[in-house]
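Just so you know, we're using my numbering here: the sequence shown kicks off at 1058 and counts up by one.
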Amino acid sequence: MKIITRDQRLLARAYWLVSHRWIAIVALVALTWLTGNLFDVELQQKPLYLLSIALIIENLLTLWLLKVITHRKKQNLYSSVRWAIYFQIILDLIILTGILHFTGGIVNPFFFIYIFHMVIASILLSRIEAFILTTLALSLFGSLVYLEYQEILPYYCLCADEIINHELYKDPYYITKTFGVFAFSSYILVYLATSIGHRLRSQEDRLTEAIIQLKKNDQIKNQYVLHITHDINSHLSAIQTSLSVLTSNVFGELKDKQNEFLYRSYNRTQELIKFAKDLLHLTRLRLSDELDKQILSLGNIIVEAINYHNELAEEKEISFELNLDESIDKYYGNMVSFESIFENLISNAIKYSNKKGTVSIYTKDKPKSILIEVSDRGIGIPEVELNNI
């Protein structure tokens, strides 16, 4: 399981802001062109196109800044990314104020777009930082409204008289009411959003810590299993050595019945050693988080798995039908994993087959996968359990 740290989460969200700004740029250019050319609305197209270019420059600068931050060592990544987000939001607010200036100011019904940046700041940054940026947004918007009201800045209307009353920017009652409600609503919204954002970030941090602790515990368990398995393997090897001396008749000939049980013990010990080695291998893989892959033969693995359970198959007089596609005999994968899969499937097939039954193994190459079927003619699976598979 890959652990995503707090730094990585914030960095991903900084890039998320960049990707969505590209969408906003396309939308701004498209709306400017459509409004000015198709809907016969008098619009300051040139300044809006220049502001679109400013957004493009901002995005490119942000991408460069994030790249520098991620490649620079010995620094607080979380703090640096937060400053990068600060940089983005401040520039966005300034450019948004410019867009509103050329599209009707406070009379433009879309001035509430400031709220998007307030919410984003509430989710990604601390409560104080979110309130600072909210105050900055309201200050920029309020300054624009005041300067247009005092006619220090020229007022640019959308010139859609059927929809918008362009004299409202001179109406002090309308300005006070609209700006007051907007400011009050913005602060309430930011308070609620920061409360939710703080809870979500706390939960994410706790979950990350829990996952890290689980990973540590799992590593301790794997270390213990590795140690125990190594000891078991050593003892089994000693037993196998002693049995091999007896099977070689160094101390004299044994009776047939003695030889039969001795060879059974020797073979079982050999299988246990193989199992212990596989367990050692799998435990080392879990500790290193790497999967050792190689070119392997599916046919050989299947035959070895059958031989592994040959004694049980002979007791039940089970026969095997093999229909293996030779074109996929060579496969790139993990040997231990495939051996474990086939040994389990064949073991279950033998276990649940009737006496003198047949186990069929079928492989076929598919366009993007390999089909492997292990089937038997045994008792089957009850219908009520089929949904659990």
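Think of the CB as a built atom: it goes at the ideal place given N, C-alpha and C, for glycine as much as any other residue. Keep in mind the model is a prediction, meaning the values are calculated, not measured.
If you draw a straight line from the C-alpha of I1403 to the C-alpha of A1362, how long is it?
-> 7 angstroms
Look at L1201 and H1158 and say whether their C-beta atoms are less than 8 angstroms apart.
-> yes
Could I get the ranges of all uninterrupted alpha helix (DSSP H) runs contained in the stretch 1101–1160, with 4 residues as the minimum, in chain order?
-> 1102–1128, 1134–1158
What's the gap between the Cα of A1194 and the Cα of T1340?
-> Roughly 56 angstroms between the two C-alpha positions.
Through-space distance from S1179 to E1186, alpha-carbon basis = 8 angstroms
If K1105 and I1156 are in contact, beta carbons under 8 angstroms, what's the gap, nearest whole angstrom?
-> The residue you asked about is not Lys; residue 1105 is Leu in the sequence shown. With 8 angstroms as the limit, L1105 and I1156 qualify as a contact, their Cβ atoms being about 7 angstroms apart.
Which residue from G1162, F1395, S1196, S1243 puts its Cα closest to that of K1350?
-> Minimum Cα distance to K1350 is reached at F1395.
Using beta-carbon positions only, say whether L1319 and T1304 come within less than 8 angstroms of one another.
-> yes
According to DSSP, which residues form a beta bridge with I1418?
-> L1379, V1431
Check whether the stretch 1263–1279 touches the stretch 1203–1215, taking contact to mean three or more Cβ pairs, one atom from each stretch, closer than 8 angstroms.
-> no
Leaving out five residues before and five after K1412 in sequence, what residues of the same chain have Cβ atoms less than 7 angstroms from its Cβ?
-> Setting aside the 5 residues that flank it on each side, K1412 is surrounded in the same chain by K1373, E1374, each with a C-beta closer than 7 angstroms to its C-beta; the list follows chain order.
Take the Cβ of N1274 as the centre, count every other Cβ of all protein chains shown within 10 Å, and call the residue buried at 16 or more, exposed below.
-> exposed
Find out if the Cβ-Cβ distance for the pair R1063, Y1135 is shorter than 8 angstroms.
-> Yes, the Cβ-Cβ distance between R1063 and Y1135 is below 8 angstroms.
In terms of residues, what are the limits of the alpha helix (DSSP H) holding G1254?
-> 1229–1304
From the DSSP output, in three-state form, read off L1204 for me.
-> helix
Give the secondary structure of K1350 by DSSP, where H, G and I count as helix, E and B as strand, and everything else as coil.
-> Looking at K1350 - three-state DSSP - the assignment turns out to be coil, as it is neither helix nor strand.
Leaving out five residues on either side along the sequence, give the residues of the same chain with a beta carbon under 8 angstroms from the beta carbon of Y1244.
-> Here the set comprises F1188, T1191.
Verify whether the separation of the beta carbon atoms of I1352 and Y1323 is less than 8 angstroms.
-> no
Secondary structure at Y1226, three-state DSSP: helix, strand or coil?
-> helix
Beta-carbon contacts of T1251 that lie in its chain and below 6 angstroms, excluding the five residues immediately before and after | S1179, R1184, A1187
Where the alpha helix (DSSP H) through K1408 begins and ends = First-last of the alpha helix (DSSP H) with K1408: 1392–1408.
Own chain residues within Cβ distance below 6 angstroms of L1122, not counting five before or after = A1141
Are F1241 and G1199 touching if we call contact CB-CB under 8 angstroms?
-> no
According to DSSP, what are the bridge partners of K1387?
-> S1354
Report all residues from its chain with a CB closer than 7 angstroms to the CB of L1120; omit the five preceding and five following residues, and keep chain order.
-> V1075
Could you give the residue range of the alpha helix (DSSP H) that holds N1094?
-> Membership of N1094 in the alpha helix (DSSP H) is indicated by the continuous run 1063–1094.
Considering L1369, what are the terminal residues of the alpha helix (DSSP H) in which it resides?
-> 1367–1372
Can you give me the start and stop residues for the alpha helix (DSSP H) that L1182 sits inside?
-> It is not in any alpha helix (DSSP H) - L1182 carries neither H nor E in the DSSP assignment.
DSSP three-state call for G1437: helix, strand or coil?
-> Residue state, collapsed to three classes: coil.
When burial is assigned at 16 or more other CB atoms within 10 Å of the CB, is G1161 buried or exposed?
-> With 16 or more other Cβ atoms within 10 Å, it is buried.
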